[in-house]
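Notes to accompany the following structure.
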Amino acid sequence: MIPESHYTSNEKRILQAVAAVNNQISVMVQSLLKVDGAGRIKSTAGNIQRAKQMQKAIMKEMTQGAFKDEMNSLIGTFGKIPDYATEAFQEVRLLPEFGQADDEMVRIMANDTLNEVSAMATQWAGNINSAVYAGAIAGTPRKELLKQAEQLLIGHSDVRGRPMVNYVQTIVNTRIAELDTLMILRKGDELGIERWRYTGSTIRDSREWCVDHAGKIFTKEEIEEWRDKKWNGKKAGDPFVTRGGWNCRHGFSPVLVEAEVKPKEPAQKKPVKKPVKKPAADSRPIPNIDFGYKGKYNKHVKGLRPDALRVIDALPQPNEIVSGKGVYYTNARRVSAPLKSTRTFLHEYGHFIDNHLAGGWNFTSKTRLYDAAQADGKKLGLSWGGGLGGHDKVKRRMEVLEEFKAKWKTRTEVFFASGRRKGQLKHITQGAPETHRGFSDIIDSMSDGWFYDRLRMSGHGGRYYYGNVENQMTENFANLFQIWSQETHWEEATQLFPNLTKAFEQIMNEVIKNG
Amino acid sequence: MDKYFEEHFKVFGVAPVIIGLNWDDEGATIDGIVDAIDNGQPYSEIDQLTEEEKILYSEGKLKF
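Taken in sequence, the protein lines are chains A and B. For the first sequence, the numbering used here gives the first residue as 1448, with consecutive numbering after it. For the second sequence, the numbering used here gives the first residue as 18, with consecutive numbering after it.
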């Protein structure tokens, strides 16, 4: 568990860094914008011009330089998480082991957090720039303008609206807590932990949810049931990771004792179903999926495996489904796919599910599929966990890719369907066959885009994949969802990607069970 | 496919910019490269995005 002192240190450092930015902006306003005798900013062309010039300097102040360096350094403390996780296991006298995959997870979450803070700083720089520019035009008293900037950055007790400092503190402390609990869960899984105690000190402003649950013991399945519950401050996503919600400083510590008293949760009244692999003669009802749009997209789910329909039925639908290129818009929860391609529709719908399960701009595949993809990639001779790999590994990767190419390469002649050249040869494609495009793309992701870039086999290519673990994992998820849903080649997928398919099936089973 | 890439490189001195947008439609990439060579403008899938999509793409919020 992260000690309270780490959280308070983060808050203090963020406040100091934002206050320093505020000072710099204050100096700029006072030295550059001329005022009249009453202290009002003169509405002169010169002042307006200088306000425009200041915009660049303010943006730089907030997105580069000392503020960014301090955020880099602060988020660098995410590297302490393995030590904190180790401490959590000391109580039960277990010693977790950490490897490259754990380092990678820390690196990914630290990068994501830094990106979120940078986006926040950019947004607030825009807000301050607007205030400065409006102040120069309207002739606002300089004192008032400085107060506005300070309110935007640090806040005043007498003014409503949360300042930037609060948002940054919330983001950083929420993310590090999520990383901590995720690391503890991973290590717990490796060590066979089945029960968890909800821990953390309850303070004056602790949520009622946290106060009610603190100190109690839960199984992983029971924690999963929190997804369906509602409380103030709840954050969407995996409840083991999001716990009480934004700014929650509670977490889970491993429990070895078998005979613990279970918490009296309403959900406990229902017996917890054990995951059972259903036989072919499945008596459960098969949901009838209707996406709306006058049934335009319903054809894409006809004939899918029943469990795929159950997954789609268990989750909300995307905000929007449109016909177009295969794209998933994270910001708008919009699925776009060519009307004629069920495979692409399922691929993009897979992105939506992946995104929905994690919430916000995150994707569950980033953490849930990473280890499995590494294991399968290494086994196939395609991945080596980052770096250049060395001559032998590069050679081996190319050999494997050549083998897959020889196995899947399909030559397709495409002819003009209309116009003056109707019937003439348009071009020849030679990627993977329709049934194996998803497979080919997984191989492309495992090889950092080499399968497409070097051998022109179906895939997103290196510009999309190289060094981008999020894209690699999200595409793996989308491809697996498509292959799994359409069912006919799933058996082959389980043989080729045993770890990935297992991890994916586990996620699907959880969705079916818990919604 | 390779021959289209080679021709593009020969004409423009740069490779086509592939961001994965047309990964599922190989024909669209080939057509795009052929059109780009005909029109004397290098092929870039980034140019196929709207202004809003370009921002989303740069922020990693578009998945193909």
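Using N, Cα and C, we set each Cβ at its ideal position, and we do this for glycine too.
{"Asked": "Buried or exposed (CB count within 10 angstroms, at least 16 for buried), residue 1711 (chain A)", "Found": "Confidence in residue 1711 (chain A) is poor, its pLDDT being 41 and thus under 50, which makes the residue's placement too unreliable to answer from."}
{"Asked": "Chain B residues whose Cβ lies nearer than 8 angstroms to that of residue 1831 (chain A)", "Found": "Those do not exist, as residue 1831 (chain A) stays about 23 angstroms from chain B at its closest Cβ, beyond 8 angstroms."}
{"Asked": "Cβ-based contacts, 7 angstroms cut-off: residues of the segment 50-71 of chain B near chain A", "Found": "none"}
{"Asked": "Residue nearest to residue 1756 (chain A) in terms of C-alpha spacing, selected from A:1946, A:1814, A:1796, A:1840", "Found": "A:1796"}
{"Asked": "Residues in the segment 1905-1920 of chain A having any Cβ partner in chain B nearer than 9 angstroms", "Found": "1905, 1906, 1907, 1908, 1909, 1910, 1911, 1912, 1915, 1917, 1918"}
{"Asked": "Contact set between residue 1895 (chain A) and chain B, taken where Cβ atoms lie within less than 7 angstroms", "Found": "None at all; the shortest Cβ gap to chain B is about 13 angstroms."}
{"Asked": "When A:1464, A:1770, A:1694, A:1485 are compared against residue 1449 (chain A), the one with the closest alpha-carbon", "Found": "A:1694"}
{"Asked": "Residue 1642 (chain A), enclosing beta strand (DSSP E) - first and last residue", "Found": "1642-1646"}
{"Asked": "Alpha-carbon to alpha-carbon, residue 1951 (chain A) and residue 1970 (chain A)", "Found": "Residue 1970 (chain A) lies beyond the stretch modelled for chain A, which goes from 1448 to 1962, so this question has no answer here."}
{"Asked": "Outcome for residue 1672 (chain A) when other beta-carbon atoms lying within 10 angstroms are tallied against a minimum of 16", "Found": "buried"}
{"Asked": "The segment 1864-1877 of chain A in contact with the segment 1891-1898 of chain A per 3-pair CB rule at 8 angstroms", "Found": "no"}
{"Asked": "Chain B contact for residue 1873 (chain A) (CB, 9 angstroms cutoff)", "Found": "yes"}
{"Asked": "Cβ of residue 26 (chain B) within 9 angstroms of any chain A Cβ", "Found": "no"}
{"Asked": "Cutoff 9 angstroms: residue 1457 (chain A) Cβ touching any chain B Cβ", "Found": "no"}
{"Asked": "Under 9 angstroms from the C-beta of residue 1808 (chain A): neighbouring residues of chain B", "Found": "76, 77, 78"}
{"Asked": "Chain-ordered residues of the segment 1850-1867 of chain A with a beta carbon less than 8 angstroms from chain B", "Found": "1861"}
{"Asked": "Close Cβ partners of residue 1464 (chain A) (< 6 angstroms) along its chain, the five nearest in sequence each way excluded", "Found": "1514, 1517"}
{"Asked": "Proximity test, Cβ basis, 9 angstroms: residue 43 (chain B) and chain A", "Found": "yes"}
{"Asked": "Counterpart residues of residue 1874 (chain A) in DSSP-defined beta bridges", "Found": "A:1861"}
{"Asked": "CB contact check: residue 30 (chain B) to chain A, cutoff 9 angstroms", "Found": "no"}
{"Asked": "Contacts around residue 1705 (chain A), its chain only, beta-carbon distance under 6 angstroms, and the 5 residues preceding and following it disregarded", "Found": "Confidence in residue 1705 (chain A) is poor, its pLDDT being 48 and thus under 50, which makes the residue's placement too unreliable to answer from."}
{"Asked": "Helix, strand or coil at residue 1701 (chain A) according to DSSP, with G and I counted as helix", "Found": "strand"}
{"Asked": "Whether residue 1645 (chain A) touches residue 1661 (chain A) by CB criterion (9 angstroms)", "Found": "yes"}
{"Asked": "Whole-angstrom distance between residue 1458 (chain A) and residue 1664 (chain A), CA atom to CA atom", "Found": "30 angstroms"}
{"Asked": "Run of the alpha helix (DSSP H) containing residue 1799 (chain A), from where it starts to where it stops", "Found": "1789-1805"}
{"Asked": "Spatial neighbours of residue 54 (chain B) in its chain, beta-carbon cut-off 7 angstroms, leaving aside the 5 residues before and after", "Found": "24, 25, 28"}
{"Asked": "Own chain, CB closer than 7 angstroms to residue 1565 (chain A), minus 5 neighbours either side, in chain order", "Found": "1510"}
{"Asked": "Contact set between residue 1798 (chain A) and chain C, taken where Cβ atoms lie within less than 7 angstroms", "Found": "Among the chains of the structure shown, chain C does not appear; the protein chains present are A and B."}
{"Asked": "Residue 1964 (chain A): contacting residues in chain B (beta-carbon distance under 7 angstroms)", "Found": "The shown model of chain A, from 1448 to 1962, leaves out residue 1964 (chain A), and the question about it has no answer."}
{"Asked": "For residue 1816 (chain A) and residue 1924 (chain A), believed in contact at Cβ under 8 angstroms, the rounded distance", "Found": "6 angstroms"}
{"Asked": "Segments of 4+ residues assigned as alpha helix (DSSP H) that fall wholly inside the segment 1494-1558 of chain A", "Found": "1512-1522, 1528-1537"}
{"Asked": "Proximity winner among A:1919, A:1779, A:1622, relative to residue 1889 (chain A) (alpha-carbon distances)", "Found": "A:1919"}
{"Asked": "First and last residue of the uninterrupted beta strand (DSSP E) at residue 1665 (chain A)", "Found": "1664-1666"}
{"Asked": "Residue 1947 (chain A) to residue 1576 (chain A) span [Cα, whole Å]", "Found": "48 angstroms"}
{"Asked": "Cα-Cα separation, residue 1587 (chain A) to residue 1485 (chain A)", "Found": "10 angstroms"}
{"Asked": "Below-9 angstroms beta-carbon distance, residue 1564 (chain A) vs any chain B residue", "Found": "no"}
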